Structures are given as C-alpha cells and as structure tokens.
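Asker:
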Amino acid sequence: MAFLKFPYRAKNELEKGGRNQLPAMADENEPTQDCPNCHKSIPLSKLWAQDSVCACGYHFRMKARHRIGLLADEGTFCEAFSEIVSSDPLGFPDYRRKLSTVQSASGEREAVVCGRAKIGGHACYLFAMDPYFMMGSMGAAVGEKITRTFEAATAERLPVVGCALSGGARMQEGLISLMQMAKTCGALRRHSDAGLLYIALLSDPTTGGVTASFAMGGDIILAEPGATIGFAGTRVIEQTTHKALPKTFQKSEFLLEHGFVDAIVARSEQKAVIGKLLALHEEEDHEQIGV
Amino acid sequence: MSKSAYEIVQQARSNKRRTGLDFVEHLFPDFMELHGDRRYADDPAIVGGGATLRGMPVTVIAMEKGHTSRERARRTFGAPHPEGYRKALRLMQQAPKFHRPIVCLVDTSGAYCGVGAEERGQGQAIAENLMEMMTLDTPILSILIGEGGSGGALALAVADRVWMLQSAVYSVISPEGCASILWKDAKLAQRAAECLKLTAQDALQNGIIEEIISEDEGTENELYARLEEKIASTLAQLKQEPDRLNKRYARFRAIGQKAE
C-alpha cells in the first residue's frame with residue numbers, strides 16, 4: 585500500500601495484467617529493487633536510468649557522486665578538499681575498523697563530496713552527502729570539508745548549493761562532531777553576511793545535528809518529495825509521547841505545510857530549478873557596481 | 010578514587026542538584042525575568058532576563074529543570090521547545106544593542122522531543138541560534154552547570170568562553186542513546202559513557218572548553234562567590250578584547266581542523 589502522495593502518480597495498469605506484474609522487458613536474471621512505496625520491483629538498470637526514482641514517484645537514496653552528476657553541468661565538477669578524512673580522535677571502540685569497511689564498500693573517503701561546479705552555466709560550490717557512508721553522519725572531516733567549502737565560496741564570491749543528507753552528528757567522534765554544528769553555521773553565516781546565496785537541498789534522511797545546523801541555514805531550502813526531515817527521530821518521539829505518529833510526520837510535505845521549506849522539487853526538476861534560482865541571484869556585473 | 014564517567018552522568022542528572030535558577034538567584038540577586046518569544050509562547054524550560062553583576066548590566070539566559078516534580082513537569086525537565094531557543098535569541102539580540110554581555114547557564118538533557126516541537130521547527134530554531142550567536146557583537150560566556158545534552162545545549166553555548174562545572178557533562182548523545190544505537194543495548198550505557206569522553210576533564214583536554222569550575226573547595230556560598238568573581242573579571246576582560254568576533258569564530262573553527 586502506497587502511503588505517500590506524490591505529484592506524479594502511477595498510471596492505472598489494470599488492463600496490462602495488474603499492478604504486481606513485472607514489466608515485460610525485465611530480464612529474469614537482472615537484479616531488481618523493490619519500491620517501498622508501490623511495492624513493485626524495478627530492474628536496477630531501469631532505476632538508474634530514472635535517476636533512482638520509481639514510476640510511482642518514490643525517490644530512492646542516491647550516492648553523492650551520482651547526485652553531483654545529476655546537478656552539475658557535464659564535465660564542470662572539480663572536486664576539492666578530498667584529502668580530508670576522518671581520524672579517530674577519541675579512540676572510540678571499533679571506529680577505525682568501521683571507517684575502513686565503509687570506505688571500501690562505498691568507494692568514498694568521507695561522507696561528503698565537495699567541489700566547484702557549474703549548474704545551468706552558473707558557477708557555484710556544490711557539496712553532496714553520501715547515504716552509503718555511515719548515513720552521511722557529520723564528524724570532524726565532514727564539518728571541516730563543508731566549512732572549507734563555504735570559506736572558499738566566500739573568498740571567490742560564489743553561491744553554495746548544498747545537498748544535505750545525514751543521520752546527524754557522528755557519535756564516535758563525541759563532542760568534536762557536535763562542535764562541527766557551530767563551525768559550519770559560523771562559516772555559512774559569514775558567507776551569508778558577504779551577500780552570497782546558499783541553496784540547501786534536503787533529501788532522505790536529514791535529521792539531528794545536520795538539520796539543526798547547516799541544513800536549515802539556507803537562504804532557500806528545497807526538499808525532495810517524501811524525504812524524512814526533522815530534529816528528533818520518530819522512534820524517540822514515539823517513546824516519549826507514547827503515541828503512534830502519522831506516516832506523513834516529518835516528511836517534506838509536512839515541513840512545507842509548517843513553513844520550513846521553500847519548495848518540494850522532484851529529482852527530475854532539480855537541476856532546472858537550482859539553475860533558475862542561481863540565475864535569479866546572479867551577482868550584478870562588478871564593473872557595473874563600480875560605476 | 011575518582012568517579013566513573015557514568016557516575017558523573019548520574020550526578021549531573023540528579024534532581025537534588027543546583028538548577029539554573031539557583032545560580033541566577035545567587036549570582037544575580039536583582040535578576041528580572043522577561044518572558045516570551047514574541048512569536049508563539051513562553052517556554053519555562055529557558056529563563057531569560059536582565060540583571061547587574063557588580064554594577065555591570067548583563068543579559069542572563071538559564072535553562073531550568075525545576076526542583077519539585079510539579080515544577081519539573083511544567084518546565085519539561087529542562088528540555089526546551091523551539092520557543093525557548095527563540096526567546097533566548099530575542100533577548101540575546103537585545104544585548105549588543107544595550108551594550109550588555111551575555112551569560113548563559115546550560116543544563117538540559119537535550120532539546121524537547123515531541124510533535125509540537127517538530128512542527129514548529131526545533132532544528133531550525135537551534136540552527137538559527139548557532140548562526141546568530143556567532144555574530145552577536147557582545148561578550149558571551151556559557152557555563153555548563155549540569156547536563157550538556159547535544160544540540161539542545163550547544164544552542165546556548167556558542168560563546169567566547171565555555172566553562173564546565175567539575176561534575177557537569179557535555180555530550181553529543183546520551184550514553185543510553187549511544188549504547189542502544191551502536192550496541193543495540195541501552196544497558197551498556199556505562200561503557201558508552203566512558204567512550205563518549207563527556208566529562209569536564211575530557212572536554213578540557215579536547216579543547217572544547219576553557220575552564221573547569223571546581224566544586225570540591227569550600228562551601229556552597231563560596232562556590233557562588235568564586236564564580237561571581239570569575240564571571241565579572243572575565244566579562245570585563247572580554248569587553249576590552251579586540252577582534253572578539255573573529256576570535257569566537259576561530260575558537261570553533263579550530264575544533265576538528267586537520268588534514269591527513
């Protein structure tokens with residue numbers, strides 16, 4: 585049973601033999617992924633071709649580099665600060681081993697990928713967090729990379745497009761990861777005070793210390809359809825209040841209704857919408873200002 | 010024999026402990042409470058207002074857990090709603106206007122977890138405090154007097170100086186929360202408390218705070234007197250400090266700064 589209403593709903597496929605039938609083109613040997621919303625299984629190749637969006641409108645999680653490929657103009661992304669990786673400042677049990685496992689499994693060195701790019705022809709700094717790297721959790725390295733991104737953008741007078749996706753602060757780094765909230769907020773505030781634009785794009789999930797810092801600090805905050813966005817986890821709230829929560833709680837649509845995001849933008853529209861917003865906020869020609 | 014980390018956590022949580030208002034009463038006898046966030050409500054988990062400290066006008070923001078069970082329930086056990094953070098921000102934003110330094114007393118297990126708090130933007134309220142406190146052009150001193158629970162505590166601790174009471178704790182997550190997420194067993198909280206490095210001594214070693222306020226020496230009143238003296242001299246010194254905002258930014262900028 586689909587519980588989320590997306591702008592794009594599945595067509596009535598009853599005439600084609602019912603909704604649970606696999607599409608005819610599916611190769612039996614091809615790996616598939618089940619959609620948690622409409623429960624159809626989708627061949628992976630088809631899912632990738634649709635930028636990890638099911639025909640019912642459900643947005644699957646997406647790797648940071650895949651997302652950058654979707655947003656940045658072809659061949660314009662130039663990665664920065666990739667030399668910064670996590671250490672184990674507290675000597676937390678099992679953390680080093682976990683880091684190396686995740687690094688080899690995800691192919692990323694850290695939970696965020698940052699760099700310079702063009703979107704719709706507009707130069708900007710772009711960062712994207714990776715759901716397959718400890719659910720995008722923010723430790724010292726993530727905080728440092730995002731801070732440097734804002735500082736570089738401030739120095740070069742460029743806007744920042746930040747794709748937030750995170751379970752929150754990385755607890756294995758204790759207070760050092762908590763302090764990254766203040767650090768990133770400080771850097772983005774300085775970027776803002778310099779008169780520059782920051783567009784935050786929130787995807788599933790954006791929670792905890794990331795929601796309570798740079799994710800909610802955007803001049804413009806966009807959200808993907810159906811993403812979970814909130815501060816406290818649903819389970820914690822249910823335990824505290826002893827009440828079951830509606831399935832729409834903390835979804836993008838809930839945040840839009842309560843006034844905390846500017847717009848919900850489907851993945852297929854994101855590049856165009858962000859490009860348009862960048863054009864709207866393009867700095868006037870410096871020479872003109874000088875006159 | 011020194012206490013284990015988890016014993017310190019329990020001590021910090023104890024409902025017999027001095028609360029925010031106890032400190033306010035002793036340090037700022039002429040404190041005048043000012044209510045409301047001017048948007049939605051007044052959150053009793055955060056108390057704010059004006060006072061003088063040795064003749065110097067100051068803005069005081071304190072988290073308050075309450076002593077009696079009725080009082081504790083009314084103050085949601087010191088877990089602030091977004092309205093609390095917005096009230097604190099409103100009062101703190103007035104401080105530079107009237108040339109008053111700010112003293113924050115932090116004591117919370119964390120920001121309140123609830124439907125209303127989420128509906129009204131708990132995350133956004135904390136984020137706004139972090140951004141604004143970084144640029145408020147007046148001295149800010151934050152003292153962790155009991156529990157420093159995650160983002161809910163940090164939202165009043167973006168300051169020029171951060172101190173901790175000897176028996177206070179400051180942590181990214183509760184030891185129980187950490188144990189249940191990492192090891193699927195909240196009973197391992199003792200071990201988690203050790204691993205999280207959440208005591209004042211740990212925070213000092215990791216460069217998170219500047220000073221530990223000892224609670225061993227002297228009587229209760231002597232502690233307050235010592236603290237009053239220390240706050241007054243630190244605020245006076247911070248008032249004269251050139252380039253204060255850049256230093257505040259650099260203070261946080263330096264934490265976790267490394268490239269391997």
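Residue numbers (the working numbering), protein chains in the order written: chain Y, 585 to 875; chain U, 10 to 269. Beta carbons: idealized from backbone N, C-alpha and C, even for Gly. None of these values were measured; they are calculated from a predicted model.
Contact criterion: CB-CB distance below 8 Å. Does Gly130/U meet it with respect to chain Y?
Answerer: For Gly130/U, the answer is yes, since a Cβ of chain Y falls inside 8 Å of its Cβ.
Asker: With a cut-off of 8 Å, does the C-beta of Gly814/Y fall near any C-beta of chain U?
Answerer: With 8 Å as the cut-off, Gly814/Y counts as an interface residue toward chain U.
Asker: Do you know how far the Cα of Arg235/U is from the Cα of Met718/Y?
Answerer: Answer to the nearest angstrom: the Cα atoms are 45 Å apart.
Asker: Let's see if you can read the secondary structure: which residues bound the alpha helix (DSSP H) around Met142/U?
Answerer: Counting along the chain, the alpha helix (DSSP H) containing Met142/U begins and ends at 131-142.
Asker: Identify whether Cys834/Y lies in helix, strand or coil by the three-state DSSP scheme.
Answerer: Looking at the sequence provided, one finds Gln at residue 834/Y rather than Cys. If DSSP states are grouped into helix, strand and coil, Gln834/Y belongs with coil.
Asker: Can you have a look at Arg84/U and say buried or exposed, based on whether 16 or more other CB atoms are within 10 angstroms of its CB?
Answerer: Arg84/U comes out buried.
Asker: Check this for me: beta carbons of Leu174/U and Ile149/U, under 8 Å apart or not?
Answerer: No, these two residues do not count as a Cβ contact at 8 Å.
Asker: Listing by chain order, which chain Y residues have their CB less than 7 Å from the CB of Gln133/U?
Answerer: Within 7 Å Cβ-Cβ: Met800, Phe844.
Asker: Using a Cβ cut-off of 9 Å, pull out every chain U residue sitting near Leu785/Y, in sequence order please.
Answerer: By Cβ distance, chain U contributes nothing, its closest Cβ being about 16 Å from Leu785/Y, past 9 Å.
Asker: Considering Cα atoms alone, identify which of Ile821/Y, Phe838/Y, Cys708/Y is closest to Cys747/Y.
Answerer: The candidate whose alpha carbon is nearest that of Cys747/Y is Cys708/Y.
Asker: Val744/Y and Ile703/Y: beta carbons closer than 8 Å?
Answerer: Contact: no.
Asker: If you measure between the beta carbons of Thr812/Y and Thr791/Y, is that distance less than 8 Å?
Answerer: Cβ distance < 8 Å, so Thr812/Y and Thr791/Y count as in contact.
Asker: Looking at the strands, I want to know which residues DSSP matches up with Lys702/Y.
Answerer: Beta-bridge pairing links Lys702/Y to Ala707/Y.
Asker: Given 8 Å as the limit, is there contact between the stretch 123-136 of chain U and the stretch 56-67 of chain U, that is, 3 or more CB pairs closer than that?
Answerer: Result no; under three Cβ-Cβ pairs closer than 8 Å.
Asker: Check distances from the C-beta atoms of the stretch 754-779 of chain Y to those of chain U and list, in chain order, the residues that come in under 9 Å.
Answerer: Listed in sequence order: Arg754, Met755, Gln756, Glu757, Gly758, Leu759, Ile760, Ser761, Leu762, Met763, Gln764, Met765, Ala766, Lys767, Thr768, Cys769, Gly770, Ala771, Leu772, Arg773, Arg774, Ser776, Asp777.
Asker: Given that Ser559/Y touches chain U, what residues does it touch there, using C-beta distances under 7 Å?
Answerer: Within the shown structure, residues of chain Y are numbered from 585 to 875, placing residue 559/Y beyond reach of any answer.
Asker: Quick one: which chain Y residues come within Cβ less than 9 Å of Gly123/U?
Answerer: Here the neighbours are Ala816, Ile821, Thr824, Thr825.
Asker: What first and last residue would you give for the alpha helix (DSSP H) that runs through Ile190/U?
Answerer: Element bounds for Ile190/U: 184-191.
Asker: Name the two residues that bound the continuous beta strand (DSSP E) containing Val744/Y.
Answerer: Note, Val744/Y: beta strand (DSSP E), 744-750.
Asker: Would you check if the distance between the CB atom of Arg99/U and the CB atom of Pro66/U is smaller than 8 Å?
Answerer: Not in contact: Arg99/U and Pro66/U (Cβ atoms no closer than 8 Å).
Asker: Pro105/U lies in the alpha helix (DSSP H); which residues open and close that run?
Answerer: Where Pro105/U is concerned, the enclosing alpha helix (DSSP H) stretches over 91-106.
Asker: Quick one: grab the DSSP three-state call for Cys638/Y.
Answerer: Note: Cys638/Y maps to coil in three-state DSSP.
Asker: In this structure, how does DSSP classify Ile626/Y when only helix, strand and coil are distinguished?
Answerer: Ile626/Y: strand per DSSP, three-state reduction.
Asker: If we ignore side chains and look at the alpha-carbon of each, how far apart do Gly186/U and Gly158/U end up?
Answerer: Distance between the alpha carbons of Gly186/U and Gly158/U is about 11 Å.
Asker: Can you confirm whether the stretch 102-121 of chain U touches the stretch 753-771 of chain Y when touching is taken to mean that 3 or more C-beta pairs between the two stretches lie within less than 8 Å?
Answerer: Segments in contact, no.
Asker: Starting from the beta carbon of Gln834/Y, find every residue of chain U whose beta carbon is closer than 7 Å, and list them in chain order.
Answerer: Glu127, listed in chain order.
Asker: The stretch 729-750 of chain Y: which residues have C-beta closer than 8 Å to a C-beta of chain U, in chain order?
Answerer: The residues in question are Thr731.
Asker: When the Cα of Lys729/Y is compared with those of Lys624/Y, Ala695/Y, Arg773/Y, Ala739/Y, which residue comes out closest?
Answerer: Checking every option, the nearest Cα to that of Lys729/Y belongs to Ala695/Y.
Asker: Chain U beta carbons: is any one of them nearer than 8 Å to that of Ala724/Y?
Answerer: Closer than 8 Å to some Cβ of chain U, the Cβ of Ala724/Y qualifies, so yes.
Asker: Go ahead and label Glu871/Y buried or exposed: buried means 16 or more other beta carbons lie within 10 angstroms of its beta carbon, across all protein chains shown.
Answerer: Since pLDDT at Glu871/Y reaches only 48, below the 50 mark, its modelled position is unreliable, and the value read off the structure follows with that caveat. It is exposed - the Cβ of Glu871/Y has fewer than 16 other Cβ atoms within 10 Å.
Asker: Does the beta-carbon of Pro620/Y have 16 or more other beta-carbons within 10 angstroms, so that it is buried, or is it exposed?
Answerer: Under this definition Pro620/Y is an exposed residue.
Asker: As a quick exercise: from Ile760/Y, Val669/Y, Ala689/Y, pick the residue whose alpha carbon is nearest that of Ala263/U.
Answerer: That would be Ile760/Y, whose Cα lies nearest to the Cα of Ala263/U.
Asker: So, with DSSP's three-state summary, where would you put Gln854/Y?
Answerer: Correct three-state label for Gln854/Y: helix.
Asker: When you compare the CB of Leu806/Y with every CB in chain U, is at least one pair closer than 8 Å?
Answerer: False, the Cβ-Cβ gap to chain U never drops below 8 Å.
Asker: May I ask you to list, following chain order, the residues of the stretch 686-718 of chain Y that have a beta carbon less than 8 Å from some beta carbon of chain U?
Answerer: Taking 8 Å as the Cβ-Cβ cut-off against chain U, none of the residues of the stretch 686-718 of chain Y qualify.
Asker: Tell me which residues of the stretch 97-126 of chain U have at least one Cβ-Cβ distance to chain Y shorter than 7 Å, keeping chain order.
Answerer: If the cut-off is 7 Å between Cβ atoms, the stretch 97-126 of chain U has Ala120, Cys122, Gly123, Val124 near chain Y.
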